[in-house]
Amino acid sequence: MAEVNLENVEKRFGETWAVAGIDLTVHDQEFVILVGPSGCGKTTTLRMIAGLEDVSAGDIRIGGRSVVNLPPRDRDIAMVFQSYALYPHMDVYRNMAFSLQLRRVPKKEIDRRVNEVAEILGLTPQLKRKPRQLSGGQRQRVAVGAALCRQSGVLLFDEPLSNLDAKLRVHMRTELKRLHQKVRSTMVYVTHDQVEAMTMGDRIVIMNGGKIMQVATPLEAYDKPKNRFVAGFIGTPPMNFFSGEWVDSKVQLGGGVKLPYPRSSPNGTKSVVFGIRPEHIYVRPSGNKGETAVPSVIEVVEPLGHDVVATASCGAGVFQLAAEIHDGLKPQDKLDLQFDMARAYLFDRDTECVL
Amino acid sequence: MGFWHRIRGHVTSWAFLVPFLAFALFPFYWAIITSFKADANLYDLRRNPFWFAKTDAVTHQPYHKDIIVPASYPAAPIHWEIKQGDHTTRSDSEANPKPIARIGDQVVYSPVDGTLSQIEVPEGSTARPVDVIGTIEVENPTVTHYKFLASTPFYRWMQVSLLTGLAVVILTVLIAVPAAYALARLKFHGNRVIGIAIFLTYLIPPTILFIPFSQFVGALHVDNTIWSLILSYPTFTIPFCTWLLMGFFRSVPKEIEERALLDGATRMQMLRLVVIPVVLPGILTAAIFAFTLSFQEYVYGLTFISSTANRTLPVGISVEMVRGDVYFWGPLMASAVLGSLPVVIVYGLSLDYFISGMTTGAVK
Numbered sequence: 001m002a003e004v005n006l007e008n009v010e011k012r013f014g015e016t017w018a019v020a021g022i023d024l025t026v027h028d029q030e031f032v033i034l035v036g037p038s039g040c041g042k043t044t045t046l047r048m049i050a051g052l053e054d055v056s057a058g059d060i061r062i063g064g065r066s067v068v069n070l071p072p073r074d075r076d077i078a079m080v081f082q083s084y085a086l087y088p089h090m091d092v093y094r095n096m097a098f099s100l101q102l103r104r105v106p107k108k109e110i111d112r113r114v115n116e117v118a119e120i121l122g123l124t125p126q127l128k129r130k131p132r133q134l135s136g137g138q139r140q141r142v143a144v145g146a147a148l149c150r151q152s153g154v155l156l157f158d159e160p161l162s163n164l165d166a167k168l169r170v171h172m173r174t175e176l177k178r179l180h181q182k183v184r185s186t187m188v189y190v191t192h193d194q195v196e197a198m199t200m201g202d203r204i205v206i207m208n209g210g211k212i213m214q215v216a217t218p219l220e221a222y223d224k225p226k227n228r229f230v231a232g233f234i235g236t237p238p239m240n241f242f243s244g245e246w247v248d249s250k251v252q253l254g255g256g257v258k259l260p261y262p263r264s265s266p267n268g269t270k271s272v273v274f275g276i277r278p279e280h281i282y283v284r285p286s287g288n289k290g291e292t293a294v295p296s297v298i299e300v301v302e303p304l305g306h307d308v309v310a311t312a313s314c315g316a317g318v319f320q321l322a323a324e325i326h327d328g329l330k331p332q333d334k335l336d337l338q339f340d341m342a343r344a345y346l347f348d349r350d351t352e353c354v355l
Numbered sequence: 356m357g358f359w360h361r362i363r364g365h366v367t368s369w370a371f372l373v374p375f376l377a378f379a380l381f382p383f384y385w386a387i388i389t390s391f392k393a394d395a396n397l398y399d400l401r402r403n404p405f406w407f408a409k410t411d412a413v414t415h416q417p418y419h420k421d422i423i424v425p426a427s428y429p430a431a432p433i434h435w436e437i438k439q440g441d442h443t444t445r446s447d448s449e450a451n452p453k454p455i456a457r458i459g460d461q462v463v464y465s466p467v468d469g470t471l472s473q474i475e476v477p478e479g480s481t482a483r484p485v486d487v488i489g490t491i492e493v494e495n496p497t498v499t500h501y502k503f504l505a506s507t508p509f510y511r512w513m514q515v516s517l518l519t520g521l522a523v524v525i526l527t528v529l530i531a532v533p534a535a536y537a538l539a540r541l542k543f544h545g546n547r548v549i550g551i552a553i554f555l556t557y558l559i560p561p562t563i564l565f566i567p568f569s570q571f572v573g574a575l576h577v578d579n580t581i582w583s584l585i586l587s588y589p590t591f592t593i594p595f596c597t598w599l600l601m602g603f604f605r606s607v608p609k610e611i612e613e614r615a616l617l618d619g620a621t622r623m624q625m626l627r628l629v630v631i632p633v634v635l636p637g638i639l640t641a642a643i644f645a646f647t648l649s650f651q652e653y654v655y656g657l658t659f660i661s662s663t664a665n666r667t668l669p670v671g672i673s674v675e676m677v678r679g680d681v682y683f684w685g686p687l688m689a690s691a692v693l694g695s696l697p698v699v700i701v702y703g704l705s706l707d708y709f710i711s712g713m714t715t716g717a718v719k
């Protein structure tokens, strides 16, 4: 059992708050992703779990045991660093066996585990090589392998894929997911890439400014963002935002654009931010209820293959929409775009919370 | 296109390199050829600093060396003889040189086992001490100067220098490595100031420090012993090597230290198993610098040591091989060449370490 509990954990560097009091429970064998922009405190949180940073306040428990006063080596964790952190003077075998040798695991057992992990990761031919003789992808796998050999309860990943090229990154994403299903360790994974977060995590923790903005499954984070930050962070291309006023079940945006907003909302007038994802703006009516036509002009079209990201403008401002290449959008096209109001969001302009 | 285009890069780099090489290597060239030149060639000014010559620049005669009646021989006129067949023989081995001339019952040997040209002394003539009784064609190049060193305490000085260097290296590495790691990695109050202060101590010249140091040396009763040097040399090797090593320790990726801690290492294990092996090229570099610095040190060696037998090589050479204003250039240069050999050997053996970047592959 390796459940990780964070209770009101804080981290201060002098006067600045890196982590401003977070609570989080990572269940046993869960794959949790900490995601957020740089400087949001996700890496600091991970390093506090690892014991590489002291906590300024709060408590961290691993498997029910408080670890804030334990050195890293006694926390039953292994970590994969962004830069891989391989020992340059040791070959791949020793890199993977090092932690076991320090723990005086019997030689036979070390041999068995290293060979097993090397087999899983396809590193068997490289066992006698030094890190400098390996490609970036191989080094990355050695780093993961070294962490796996430990068979620790918790595995921590600090942006392990960010130094790989795009193609390899997609491949390793799948590999890591498969690996998690195989080893069933608790995994905490830090990334700034929301695609990585969405594709890999059982749950994702979206952080900003040292605070947790939302903890949710990928689907929840996409469908039910708690606030404007999460809504804008999750999804590519990002959600479009317009500021406006909510008056009598209608959202009034700039330029005289008026949209009916069907969901129950506070009464009276309120300053709001209206948000809608590019993929919920349609080129032609689908017949769904709650669609509203907004006269717009296409400005830029960026074909990605089957999908096209188009930038358009309406009276309320500039926004992006996702279309298909066969929709035949061209710059300067004037047309009524359908806003799917059933899938749009309203945020309080002051608190930025969803209404 | 074609030839010039292809070699243009080489031409440019050699154009930059050649002046540097000429500047850096010329002293070595001069020292080496001087150490092998026969004196006659060496003092033939028009032949200096050029390659070995066979003939005198003015007379165009082969270089000769006079054979002189030893000064130790009784001053009175003496009868001497050359036995037939002696004067043109060449000594076949050093162990059994053939006599080339006899003065009374004393035998004058060929001073070098080179070719013997002529001894033109009429039978029955008399010769006094320091009289020239013949000439001998000199061997050029020659190893005479190197052989001469065996009759001086040269090898003793070499031993003292090597021993001092080795002890200083060990002491320096033992102290500088932990100090440099602490200054480079550990966060404590004032580590920047201490780092700079350590470097500043290196900048104070030994010519200022040797007087106060001699007080310490006297108080410790180590004057005129090798210990006075072993204890005083680290005062400049440790600051220098600490400063040098700080850079190497800083270049060790922090992540591999952190990973070692996570892998279950204590701080000492992390240092011993991860950090030290990774900075080994740096430690080797520091050791070589410490050795070179102590090997070439002059002021402390000159002032703390007074007996000939305990001198270091640079001091011994300059004190014992220069008499008044007479410089024994041949032996001086021979000892300079031999004296630079240990450093050359040490550098040569560790060249691979300097060149190979050991940390490649650690991160990214």
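So the sequence lines, in the order shown, correspond to chains A and B. Going letter by letter, the first sequence gives residues 1 to 355 in the working numbering. Going letter by letter, the second sequence gives residues 356 to 719 in the working numbering. We put the CB at the ideal spot given by N, CA and C, even for glycine.
- For a Cβ distance threshold of 9 Å, residue set 613, 616, 617 of chain B lies close to residue 52 of chain A, ordered along the chain.
- For residue 60 of chain A, no CB of chain B lies under 8 Å from its own CB, so it is not counted at the interface with that chain.
- Shown here for residue 160 of chain A: same chain residues with a beta carbon closer than 6 Å to its own, the five before and five after excluded, namely 80 in chain order.
- Taking a C-beta cut-off of 7 Å against chain A, the contacting residues of the segment 633 to 645 of chain B are 633, listed in chain order.
- Boundaries of the beta strand (DSSP E) around residue 345 of chain A: 345 to 348.
- A distance below 8 Å between beta-carbons, with the five flanking residues on each side excluded, links residue 657 of chain B to the following residues of its chain, in chain order: 670, 674.
- For the 8 Å CB-CB criterion, residue 676 of chain B and residue 690 of chain B form a contact.
- Across the structure, residue 648 of chain B and residue 555 of chain B are spaced so that their CA atoms are roughly 17 Å apart.
- At a cut-off of 3 residues, the continuous stretches assigned as beta strand (DSSP E) that sit fully inside the segment 105 to 172 of chain A are 154 to 158.
- In this structure, residue 51 of chain A and residue 21 of chain A do not form a Cβ contact; the two beta carbons are roughly 19 Å apart against a cut-off of 8 Å.
- Taken in chain order, the whole beta strand (DSSP E) runs of length 3 or more contained in the segment 296 to 339 of chain A are 307 to 314, 317 to 324.
- Of all alpha-carbon atoms in B/406, B/644, B/697, the one lying nearest the alpha-carbon of residue 591 of chain B is that of B/644.
- Residue-level contact check: residue 77 of chain A touches chain B, since one or more beta carbons of chain B fall below 8 Å from its beta carbon.
- For residue 93 of chain A, the secondary structure class from DSSP, reduced to helix, strand or coil, is helix.
- Nearest to residue 633 of chain B by alpha-carbon distance, out of B/611, B/616, B/618, B/685, is B/611.
- In the three-state scheme derived from DSSP, where H, G and I count as helix and E and B as strand, residue 59 of chain A is classed as strand.
- For the pair residue 33 of chain A and residue 344 of chain A, the Cα-to-Cα distance works out to about 26 Å.
- The Cβ atoms of residue 329 of chain A and residue 301 of chain A sit closer than 8 Å to each other.
- By the criterion of at least three beta-carbon pairs nearer than 8 Å, the segment 149 to 169 of chain A is in contact with the segment 37 to 52 of chain A.
- For residue 7 of chain A, the CB contacts under 7 Å within the same chain, skipping 5 residues up- and downstream, are 23, 58, 59 in chain order.
- According to DSSP, residue 271 of chain A shares a beta bridge with A/245.
- Between residue 206 of chain A and residue 55 of chain A, the CB-CB gap reaches or exceeds 8 Å.
- Judged by DSSP secondary structure, residue 546 of chain B falls within the alpha helix (DSSP H) whose first and last residues are 546 to 558.
- Residues of chain A with a Cβ closer than 7 Å to the Cβ of residue 629 of chain B are, in chain order, 87.
- Against residue 620 of chain B, the close residues of chain A are 73, 98, 99, 102, in the order they occur along the chain (beta-carbon pairs closer than 9 Å).
- Taking 8 Å as the cut-off, the Cβ atoms of residue 146 of chain A and residue 62 of chain A do not count as close.
- If you look at residue 412 of chain B, you'll find it isn't in any alpha helix (DSSP H); DSSP assigns it neither H nor E.
- The residues 30, 32, 215, 216, 217, in chain order, have a CB closer than 7 Å to that of residue 203 of chain A in the same chain once the five nearest residues on each side in sequence are set aside.
- Annotated as distal: residue 642 of chain B and residue 601 of chain B, with beta-carbon spacing of 8 Å or more.
- In this model, residue 211 of chain A and residue 229 of chain A are separated by some 12 Å (Cα to Cα).
- For residue 191 of chain A, the pairing in a beta bridge is given by DSSP as A/35.
- Going by beta carbons, residue 291 of chain A and residue 338 of chain A fall inside the 8 Å limit.
- Secondary-structure assignment with DSSP links residue 260 of chain A through a beta bridge to A/250.
- Taking a contact as a CB-CB distance under 8 Å, the pair residue 200 of chain A and residue 169 of chain A does not count as one, their CB atoms being some 11 Å apart.
- Residue 299 of chain A sits close to residue 311 of chain A, with the two beta carbons spaced by under 8 Å.
- Annotation for residue 40 of chain A: 207, 208, 209, 210 place their beta carbon closer than 8 Å to its own, counting only its chain and skipping 5 residues before and after.
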